[in-house]
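Worksheet for the structure shown next.
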Amino acid sequence: MVDGVIDIPLPGRTLHSTAEQGGGVASGNFLAGPENRLVEVAVRSVVEERVNGYNPLVFYGPSGTGKSHLADGIAAAWRDRHRSRRVVRTTAVDFARELAEAIETQAVDEFREKHRRADLLIVEDLGRLVTRRSEKLNTQEELVHTLDALLAEGRWAVVTASAAPTELPGLLPALQSRLCGGLAVPLSPPGPEARLALLQHLAKSRDLELPEPVARVLAEGLCGTAPELAGALWEAAMADHLGDDRLDLEAAREYVDRRSRTRRPSLHEIALATARHFSIRLSDMRGPVRRRALVAARGVAVYLARKMGEERLKEIGRYFGGRDHTTVLHSFRKTEESINSDPAIREAINRLRTKLWKT
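Residues in the sequence shown are numbered from 0 upward in steps of one, following numbering that gives the first Met the number 0.
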């Protein structure tokens with residue numbers, strides 16, 4: 000296993016590639032790099048029913064970061080460990096639909112018995128609930144009371160969402176409060192270490208010879224979620240045209256270079272995405288103000304511009320308020336150092352790189 004990566008064993012379904020070439024992540028395990036280190040603690044908290052465990056547990060992140068995979072794995076691990084206990088797994092939309100049907104058929108007691116007496120309740124895709132207009136307030140209130148009933152009796156709840164509870168528009172304050180009372184775990188796209196481990200695992204599952212130097216070139220040069228990396232690996236292997244189930248170093252470099260040329264974002268796109276990520280104004284980030292939050296965001300934008308863009312230090316400095324190249328270089332190096340020591344900076348860079356590769 001790659002240093003810095005934890006292999007979390009989770010029995011569950013295969014993660015399928017988004018590429019038409021097929022293939023996928025052929026293991027139920029979750030490979031967590033430094034950017035997702037909290038996942039192991041969270042999973043063990045629920046599966047092992049730790050007394051001081053986090054409850055409810057919320058996993059949130061963009062599509063493809065493993066929310067459903069973790070829900071699958073937790074449900075399966077719970078069933079393996081607690082065979083006589085009851086797991087109820089649903090989506091927020093199905094929860095709302097079942098509640099509406101129960102009200103219409105006067106079967107609310109049965110609905111509540113099902114969900115409030117579960118030993119483990121898993122509700123996926125909470126964001127879909129708050130975007131539904133019909134009965135959404137009744138449904139959220141019902142979910143609040145369901146969580147209260149579960150927690151009062153020491154039962155467990157796991158929720159997945161595209162964003163943190165505090166960032167989901169339309170979420171009732173009471174529901175937000177209940178969800179924030181446990182632990183909200185952000186899921187980030189895999190960083191370089193996790194990408195390396197994932198690519199090695201994918202290659203092994205498909206009997207593709209992937210020497211470590213080749214794997215490192217791909218891990219450093221590619222971004223994306225697990226399914227996207229799977230698709231990229233098969234694409235790179237087919238582009239090699241060697242026909243001997245082996246991807247060589249030159250072919251890997253050519254593939255990464257070709258892919259980066261076609262997807263390279265502009266300096267303005269990088270800066271705009273960074274400003275939006277940190278919820279600050281682009282004009283402030285480009286200006287002379289040196290507030291801590293602005294300096295950090297500016298450093299991330301400079302780092303990404305150097306790593307993903309084509310502009311030189313002088314051009315980057317000109318864009319950011321006429322700063323000289325030594326100031327830009329200092330900002331780049333400081334951010335580079337922060338990646339290893341500041342989880343928030345590391346997560347921001349991972350998320351932004353993934354987002355920018357898709358634009």
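Glycine included, every Cβ here is placed at the ideal spot set by N, Cα and C. Since the structure is predicted, the reported quantities are computational estimates derived from the model, not experimental observations.
Asked, Found
"C-beta atoms of L9 and L69 nearer than 8 angstroms", "yes"
"Nearest to V158 (by Cα), restricted to the options S259, K333 and Y59", "Y59"
"Where the alpha helix (DSSP H) through E112 begins and ends", "V107 to R115"
"Alpha carbon of R115 to alpha carbon of A76, nearest angstrom", "21 angstroms"
"Local conformation of L207 per DSSP, three classes", "coil"
"Cβ shell of F29 (< 7 angstroms), same chain only, five flanking positions each side left out", "I7, L9, V38, G65, H68, L69 and G72"
"6 angstroms CB neighbourhood of D323 in its chain, flanking five on each side removed", "G316"
"For P363, three-class secondary structure by DSSP", "Because the chain here runs from 0 to 358, residue 363 falls outside it and cannot be looked at."
"C-beta atoms of P189 and L201 nearer than 8 angstroms", "no"
"One or two residues paired with R245 in a DSSP bridge", "E208"
"As assigned by DSSP and simplified to three states, the class of V92", "helix"
"Collapsed DSSP secondary structure at T104 in the structure displayed", "coil"
"L128 vs A91 beta-carbon contact at 8 angstroms", "yes"
"Cα-Cα separation between C222 and P212, rounded to whole angstroms", "17 angstroms"
"Local conformation of I7 per DSSP, three classes", "strand"
"Boundaries (first-last residue) of the alpha helix (DSSP H) holding Y53", "From DSSP, Y53 is part of no alpha helix (DSSP H); its letter is neither H nor E."
"Which listed residue (A238, L178, G220 and R291) has its alpha carbon closest to that of Y53", "L178"
"DSSP state of V184 mapped onto helix, strand, coil", "strand"
"Sheet register partners of F29 (DSSP bridge)", "I7"
"Identified DSSP bridge partners for T159", "F58"
"When A347, P342, L312 and R345 are compared against S330, the one with the closest alpha-carbon", "L312"
"Proximity winner among W155, A250, A272 and L195, relative to E219 (alpha-carbon distances)", "L195"
"Where V213 sits in the DSSP three-state scheme", "helix"
"Host alpha helix (DSSP H) of V301 (start-end)", "R291 to M307"
"For A235 and A251, believed in contact at Cβ under 8 angstroms, the rounded distance", "6 angstroms"
"Beta bridge counterpart(s) of L119 as assigned by DSSP", "V86 and W155"
"Option in L303, R350 and P287 with minimal Cα separation from L266", "L303"
"Extent of the continuous alpha helix (DSSP H) to which T273 belongs", "L266 to H276"
"Rounded separation between T89 and I344 - CA only", "34 angstroms"
"Spatial distance of V46 from L150 (CA atoms)", "16 angstroms"
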